[in-house]
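Participant: Numbering (the working numbering), first residue to last: 3 to 460.
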Ligand SMILES: Cc1cc2nc3c(=O)[nH]c(=O)nc-3n(C[C@H](O)[C@H](O)[C@H](O)COP(=O)(O)OP(=O)(O)OC[C@H]3O[C@@H](n4cnc5c(N)ncnc54)[C@H](O)[C@@H]3O)c2cc1C
């Protein structure tokens, strides 16, 4: 079967899922070298046409001369959200760093800058961001477009740290939206799924720099988690649970806490029945921890502790797939118990699960919109068919919690169900019409999952 024919067939079989690239990629990877793939290598983008503008003016000129295009950040999404069959606009040259606005406590940066490139610079000025994701290699605008998050029951996702945006619209107009002056449109535009235009500049809220110490505990009994979930998830500034679901314990609890001391923080003798690790560990205990951020209570700047992985270690690609589901925080224990029933299904396909807490927010397309949330994440092996069988199962099991998937990861929830779980979806579609009336930024992902089907086509 020819490559394109194969993709079409696979897509037809999987209509309504975000998984067709999983099947197409292995064929494409073998045959075409010049094509562009995502970080995980499971998706070959549907065009090789890619531009890297350096200024908002250049972005505007490209948009004006294009019928269809999509912005592309650091390519860390696992599904087709960033894909285009016409043209990609890479933001890798949009990395300008503006000066700090000391009155507003903000900094404006190019949308393509990676968090890791910005953090040290901020720290050296005595400043910090409120939180970071598990790795610092992702672009600021790309992460915020998909509501990327770290952990911490009181920490909103990274998009909540945005106070203003420069957006180049479908008409090529350069406009500014800010939390202070455009509240409604702004709340709709931060988690934009790449569907409103190209974010050329992002203004980020700043806080005074802070130091964090990280302690890991091993083997937390599930029963303790059930009985003390809130206490555990609020036991630090940022808390992550890692488990392979294969025992009645959570394998690891990573607690990242703010400290004013320059001396190592000593762990508790035991933490709800879990024991302190006696060395740095990787979330998968068999793997060397050399790429992980420092643990054992040793204090360090926020940007060297809040991510799990070091910026200096640059993974160029990863043989993995990811899926992640958000449930209301008060339903998290029930959801975790449901996932435990999938132990056998997970045994051969899972690398590791991470469970994190995220505060509620006001951003229309955020999975945490008006909902304090817990995200249950799966790092899966690149075993396409088995993953395809697993995702609908877990989605069905968690459907009673109106589970919302991570926008940048794999999911198979039907478009109608997905849309019903976003109260402001219609408003977001109106925003798409306003800023992109010619539908230049609509790709297959946006058309099939975000835009409600017209009554005739139901
Ligand atoms: C190893 C790994 C670890 C991860 N860890 C986490 C984690 O801890 N927490 C979490 O929530 N997620 C995590 N993710 C997911 C990741 O944060 C998201 O996929 C995020 O979108 C990546 O940003 P990007 O720049 O690579 O986006 P891309 O994949 O390049 O693009 C994502 C979307 O953003 C749009 N976009 C990008 N730039 C712009 C722009 N300038 N203007 C308008 N639209 C734009 C694209 O069109 C696309 O729709 C992880 C992913 C990987 C591979």
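A virtual CB, placed ideally from N, CA and C, is assigned to each residue, including glycine.
If we ignore side chains and look at the alpha-carbon of each, how far apart do residue 204 and residue 347 end up?
Facilitator: Rounded to whole angstroms, residue 204 to residue 347 spans 41 Å at the Cα level.
Participant: Per DSSP, which residues does residue 437 bridge with? Please list them.
Facilitator: The partner list for residue 437 (beta bridge, DSSP) is empty, contrary to what the question assumes.
Participant: Measuring from the CB of residue 99, is there a heavy atom of ligand 1 at a distance below 7 Å?
Facilitator: No, ligand 1 has no heavy atom inside 7 Å of this Cβ.
Participant: Determine the burial state of residue 162: buried for a count of at least 16 other Cβ atoms within 10 Å of its Cβ, exposed for fewer.
Facilitator: Residue 162 comes out buried.
Participant: For residue 196 versus residue 73, is the C-beta distance shorter than 8 Å?
Facilitator: A contact, by the Cβ cut-off of 8 Å.
Participant: Would you report the Cα separation of residue 173 and residue 130, rounded to the nearest angstrom?
Facilitator: So the two alpha carbons sit approximately 35 Å from each other.
Participant: Span of the alpha helix (DSSP H) holding residue 238?
Facilitator: Careful: residue 238 lies outside any alpha helix (DSSP H) and carries neither H nor E.
Participant: Less than 7 Å between the CB of residue 58 and some heavy atom of ligand 1, yes or no?
Facilitator: No, the Cβ of residue 58 stays beyond 7 Å of every heavy atom of ligand 1.
Participant: Run the CB neighbour count on residue 190, radius 10 Å, all protein chains shown included, and call it buried at 16 or more, exposed below.
Facilitator: The residue in question, residue 190, is buried, as its Cβ has 16 or more Cβ neighbours within 10 Å.
Participant: For ligand 1, is there any heavy atom lying closer than 7 Å to the beta carbon of residue 79?
Facilitator: Yes - ligand 1 has a heavy atom lying nearer than 7 Å to the Cβ of residue 79.
Participant: With DSSP as the reference, label residue 417 as helix, strand or coil.
Facilitator: Of the three classes helix, strand and coil, the one that applies to residue 417 here is helix, per DSSP.
Participant: Can you give me the Cβ contacts of residue 226 inside the same chain, cut-off strictly under 7 Å, excluding the 5 residues immediately before and after it?
Facilitator: Only 274, 275 meet the Cβ criterion.
Participant: Which residue or residues does DSSP assign as beta-bridge partners of residue 209?
Facilitator: In the DSSP output, where bridge partners are listed per residue, residue 209 has 130.
Participant: Within 10 angstroms of its Cβ, does residue 1 collect 16 or more other Cβ (buried), or is it exposed?
Facilitator: Nothing in the structure corresponds to residue 1, since the chain is present only between 3 and 460.
Participant: Going by DSSP in three states, residue 281 sits in which element: helix, strand or coil?
Facilitator: Note: residue 281 maps to coil in three-state DSSP.
Participant: Please go through the same chain and pick out, in chain order, the residues whose beta-carbon is closer than 6 Å to the beta-carbon of residue 114, but skip the five residues on each side of it.
Facilitator: Taken in chain order, the residues that qualify are 93, 94, 96, 97, 141.
Participant: Return the CA-CA distance between residue 291 and residue 311, expressed in angstroms with no decimal places.
Facilitator: Distance between the alpha carbons of residue 291 and residue 311: 9 Å.
Participant: Consult DSSP for residue 296 and reduce its assignment to one of helix, strand or coil.
Facilitator: Here residue 296 sits in coil by DSSP.
Participant: Among residues of its own chain, excluding the 5 on either side of residue 258, which ones have a beta-carbon nearer than 7 Å to its beta-carbon?
Facilitator: The answer, listed in chain order, is 214, 216, 238, 239, 240, 307, 308.
Participant: Alpha carbon to alpha carbon, how far is residue 2 from residue 145?
Facilitator: Residue 2 cannot be examined here, being either before or after the span of the chain that is shown, 3 to 460.
Participant: From the DSSP output, which residues share a beta bridge with residue 219?
Facilitator: Answer is 255, 278, bridged to residue 219.
Participant: In the region 346–423, which residue ranges form an unbroken beta strand (DSSP E) of at least 3 residues, counting only runs that do not cross its ends?
Facilitator: Complete beta strand (DSSP E) runs here, min 3: 352–360, 375–382.
Participant: Answer yes or no: the CB of residue 136 versus the heavy atoms of ligand 1, is any distance below 7 Å?
Facilitator: Result yes, Cβ under 7 Å from ligand 1.
Participant: Just checking residue 68 against ligand 3 - is the residue's beta carbon closer than 7 Å to any of the ligand's heavy atoms?
Facilitator: For the structure depicted, ligand 3 is absent and the ligand set comprises only ligand 1.
Participant: Rounded to whole angstroms, what's the CA-CA distance from residue 245 to residue 388? Just pull it up for me.
Facilitator: Approximately 19 Å between the Cα atoms of the pair.
Participant: Could you check whether the Cβ of residue 41 sits closer than 7 Å to any heavy atom belonging to ligand 1?
Facilitator: Within the cutoff, so yes.
Participant: Contact defined as beta carbons within less than 8 Å: I believe residue 169 pairs with residue 199. What is the distance between those atoms, to the nearest angstrom?
Facilitator: With 8 Å as the limit, residue 169 and residue 199 qualify as a contact, their Cβ atoms being about 5 Å apart.
Participant: Report whether the distance from the Cβ of residue 293 to the nearest heavy atom of ligand 1 is below 7 Å.
Facilitator: Result no, Cβ not under 7 Å from ligand 1.
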